[in-house]
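Here the structure comes first, spelled out in structure tokens, and everything after it is commentary.
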Amino acid sequence: MTLFGLLLPEKERLATTFREIVAGRGGVALYAAIAGMLLGGAGIAAIVFLGHGRTTNTSTLVPWGMQIATYVYFALVSGGCIFTNFLGTQFFRRTYEPLASRVIFLGLVNALAGFLSLASELGHVERLFWFILSPNPTSPMFWMSVWYTADIAILLVEYYNVRRHHHSKGLLYASFIIPLITYCSLGSLFGAVSSLPYYYSALLPVYFIFAGFLAGNALCAAVVALRAAKDGCRELLRPFIRMQKIALASVFVLAFCRTIIGLAGSGSGYEIFRETMVTDLVFGMVVSLVVPFLILTYRKSPGGVLLATAIVLVTQFIARLDLVVRGFRVPLFRVYDMPERIGYTPSVAELLVLLASAGTVLFLYLVAERSGLFEAPAKGE
Amino acid sequence: MDMTAHMDIMAVMKADLERALAKPLDQRRWAMVIDLRRCIGCHACTTGCMSENLTPPHMQYRPVREEETGRFPATGLRFLPRPCMQCDNPGCTRVCPVKATWKREDGLVTIDYRKCIGCRYCLVACPYGARSTDTGEYYTGEFHARTYEVENSGEYGKTFRRRSHWHSPVGNARKCHFCIHRVEKGELTRCTTTCLGGATFFGDLNDPKALVTKLIAKGNVFTYKEELGTRPMVFYLL
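Each protein sequence line maps, in turn, to chains A and B.
In this text, residue positions in the first sequence follow our numbering: the first is 1, and each later residue adds one.
In this text, residue positions in the second sequence follow our numbering: the first is 1, and each later residue adds one.
Written out as structure tokens, the structure reads:
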């Protein structure tokens, strides 16, 4: 397998890119990405060496926080990129094909960024080998890890094939179905928790698939919009606008159903749906879904797409953080020495982990872009 | 209850314990009964447990909560000790991706500190909030920990030093285990022996002569969150 020139940029071009970065000609975005990685690296180092207790704001009452939300977000973005690749290839082949390797590359780097955040969250990441030695088939987390590994493997193979122009329909379907199961498993990881009504839902795996498609497609659309703004080739944007609108409408329906089901729930813990109803309707639906939909309907220019996708990418992250944290807001025991509602604000170190993940995605993409990885796809090996 | 009566109860439970230990592991069913009418909210059980298991700051295996009962104006207050419920149908063990926590044949839910990856999924899945993460904190500060803080806690009858990497409980989920290390040596759980009000009872539910079995048979008993189907092995008397 040829590494440089096929999976990675040509050695010469890559070296030139790094020389330019060192010489101070990298561009603002690249230096911002490097700064994000360095600061984020410092945050992760602080968590590893000082311990979670001193650096993060998670606790026994809120066991999962920003780092899990960051993982879920980037993992779903990765899945969304792959769904975009499948739908793009199936329905917009001619327009989409030149962008395929770029989209799959984004899927891979987002999966990596997600894992970075997850690894910094685990108490003992070095013990992950127990997943192989002592698997527990009743655990949704076990299945999520199995499918996540399969997902990355199939992505790598699909990327390799796309780069070589060796298109295989079977592999294309596999690279759609495996991520589909992967992100269903991620949704069931939350949806299976019967003790927390905010999580406990059969709708969550389906919601995760569409939310992932929305965020991943928004990232791809943003990247294509930037290219279209530069080249003036607006034709490339059409499939992404259409897919983004479908994703926005689907997530709107699912978010609405989830809210309605939650509002109808009468058990202990369901009150969180009532308390956050206004935020969910105004922010979670109108601002983050309806507004981008309207922008994409009435402004199909690269600027309009960039604005709409930026709104989607930011609001989807907030939605992931809300989803993770709100599960713990209502305490399990209603007692005097427990607050009525449990609050959580991410610590500086946790915010830095987000920066590390975002910086990694931006850095790897920009280096690949500058090194010409997506310019002229390699032909054959 | 006078001190003599209290001592008698302890002797009865000790005898129950010895009878249970004489049986094979799979024929025992450890259970705890907490008489809420007798709990005076002194937190002696919490403190005793903390010193027994050397739990770090922000971690209590057996906190005593204060719960309001009734509706205004007919309200009351009761103390609610909350150990791990050692559920017969535990949600925590099913979600652990690496089988680091499981239910023993005698019904106790245990954790292997050498296997736990620290994902906290069990914390999320436990409907009683009985599990905590050991984040590696010390009461006296990370770099000036007192000797007793880094000593082996002796939990599960094994050696888990906090400073050791592979065998340390730091980074892991931890919880009440009905003082397995004491029980297997023929000693009652620490919370039972430190309870000033004589509100905590411990024994083998499979033994019809055991005090816990007789207390549960009286009828004024409930378990928390029964609707979830977890079948807790901690019973509260009203």
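Quick reminder that beta carbons are idealized off the backbone N, C-alpha and C, glycines included.
The structure displayed is predicted, hence computed values, not measured ones.
Would you verify that the beta carbon of residue i is, or is not, closer than 8 angstroms to some beta carbon of chain A?
| i | result |
| --- | --- |
| N89/B | no |
| K175/B | no |
| H181/B | no |
| H167/B | no |
| K185/B | no |
| Y236/B | no |
| E226/B | no |
| K115/B | yes |
| K99/B | yes |
| R94/B | yes |
| Y128/B | yes |
| Y61/B | no |
| R65/B | yes |
Check whether the Cβ of residue i lies closer than 8 angstroms to any Cβ atom in chain B.
| i | result |
| --- | --- |
| G380/A | Low local confidence applies: a pLDDT of 46 at G380/A is under 50, so the model's placement there is unreliable, and no value is given. |
| M141/A | yes |
| M136/A | According to the sequence displayed, residue 136/A carries Asn and not Met. Output row for N136/A: interface = yes. |
| S145/A | yes |
| S59/A | yes |
| P63/A | yes |
| G265/A | no |
| R299/A | no |
Measuring straight from C-alpha to C-alpha, what distance separates residue i and residue j?
| i | j | result |
| --- | --- | --- |
| M338/A | I34/B | 21 angstroms |
| E381/A | L99/A | Because E381/A carries a pLDDT of 42, less than 50, the predicted location of this residue cannot be relied on, and no value is offered for it. |
| A15/A | V28/A | 19 angstroms |
| D16/B | G219/B | 21 angstroms |
| Y148/B | V170/B | 15 angstroms |
| G43/A | T133/B | 20 angstroms |
| L191/A | D8/B | Reading off the sequence shown, one finds Gly at residue 191/A, where the question assumed Leu. Cα-Cα distance, rounded: 49 angstroms. |
| Q67/A | L128/A | 18 angstroms |
| P232/B | T93/B | 14 angstroms |
| T95/A | L254/A | 30 angstroms |
| V193/A | L204/A | 11 angstroms |
| A378/A | A111/A | Annotation note: pLDDT 49 at A378/A (below 50); position unreliable, no value reported. |
| T194/B | T46/B | 9 angstroms |
| C176/B | I318/A | 35 angstroms |
| I342/A | A23/A | 49 angstroms |
| A228/A | A69/A | 31 angstroms |
| F210/A | G26/A | 35 angstroms |
| S185/A | D204/B | 40 angstroms |
| T135/B | Y31/A | 34 angstroms |
| A31/B | E105/B | 13 angstroms |
| T315/A | C49/B | 45 angstroms |
| V77/A | V361/A | 11 angstroms |
| S371/A | P9/A | 6 angstroms |
| R161/B | V305/A | 56 angstroms |
For residue i, which beta-bridge partners are listed by DSSP?
| i | result |
| --- | --- |
| T242/B | Residue coverage of chain B in this structure runs from 1 to 238, which leaves residue 242/B outside it and unanswerable. |
| Y138/B | BP columns for Y138/B are empty, so no partner. |
| V290/A | According to DSSP, V290/A bridges with nothing at all. |
| W102/B | T110/B |
| S101/A | Its beta-bridge partners do not exist; DSSP assigns none. |
The segment 355-367 of chain A touching the segment 142-158 of chain B, judged by at least three CB pairs closer than 8 angstroms: The segment 355-367 of chain A is not in contact with the segment 142-158 of chain B.
Interfacial residues, the segment 336-352 of chain A to chain B, with Cβ spacing under 9 angstroms: For the segment 336-352 of chain A, which is checked against every Cβ of chain B, the residues closer than 9 angstroms are Y336, D337, M338.
Taking Cβ-Cβ distances below 9 angstroms as the criterion, which residues of the segment 130-164 of chain B are in contact with chain A? Answer in chain order: R131, S132, T133, D134, T135, G136, E137, E142.
Just checking, does the segment 310-330 of chain A make contact with the segment 259-278 of chain A on the three C-beta pairs under 8 angstroms criterion? Yes, since at least three Cβ pairs between the segment 310-330 of chain A and the segment 259-278 of chain A fall closer than 8 angstroms, the two stretches touch.
For the structure I just gave you, are there three or more beta carbon pairs, one from the segment 61-68 of chain A and one from the segment 88-95 of chain A, closer than 8 angstroms? Judged by Cβ distances under 8 angstroms, the segment 61-68 of chain A makes no contact with the segment 88-95 of chain A, as fewer than three pairs qualify.
Name the residues in the segment 30-58 of chain B whose C-beta lies less than 9 angstroms from a C-beta of chain A; which are they? Residues passing the 9 angstroms Cβ filter: P56, P57, H58.
Assess, as a yes-or-no matter, whether the segment 104-113 of chain A is touched by the segment 155-164 of chain A under the definition of 3 or more beta carbon pairs within less than 8 angstroms. Short answer: they touch.
Could you run through the segment 169-195 of chain A and flag, in chain order, every residue whose CB is less than 8 angstroms away from some CB of chain B? Listed by position along the chain: L189, A192, V193, S194, S195.
Are three or more beta carbon pairs between the segment 97-117 of chain B and the segment 170-186 of chain B nearer than 8 angstroms? With the cut-off at 8 angstroms, the segment 97-117 of chain B and the segment 170-186 of chain B touch.
With a threshold of 8 angstroms, are at least 3 pairs of Cβ atoms found where one atom belongs to the segment 176-189 of chain A and the other to the segment 217-237 of chain A? Touching, no.
Hey, is the segment 344-355 of chain A in contact with the segment 46-58 of chain A, meaning 3+ C-beta pairs nearer than 8 angstroms? By the criterion of at least three beta-carbon pairs nearer than 8 angstroms, the segment 344-355 of chain A is in contact with the segment 46-58 of chain A.
Mind listing which residues of the segment 106-133 of chain A have their C-beta closer than 7 angstroms to chain B's C-betas, in chain order? For chain B, the residues of the segment 106-133 of chain A that bring a beta carbon within less than 7 angstroms of one of its beta carbons are L122, G123, H124, R127, L128, W130, F131, in chain order.
Just checking, does the segment 177-197 of chain B make contact with the segment 72-84 of chain B on the three C-beta pairs under 8 angstroms criterion? Between the segment 177-197 of chain B and the segment 72-84 of chain B there are three or more inter-stretch CB-CB distances shorter than 8 angstroms, so the stretches are counted as touching.
Could you run through the segment 318-333 of chain A and flag, in chain order, every residue whose CB is less than 7 angstroms away from some CB of chain B? The segment 318-333 of chain A vs chain B, Cβ under 7 angstroms: L332, F333.
For the segment 10-26 of chain A, which residues have a beta carbon sitting closer than 7 angstroms to at least one beta carbon of chain B? Correct list: empty, as no residue qualifies.
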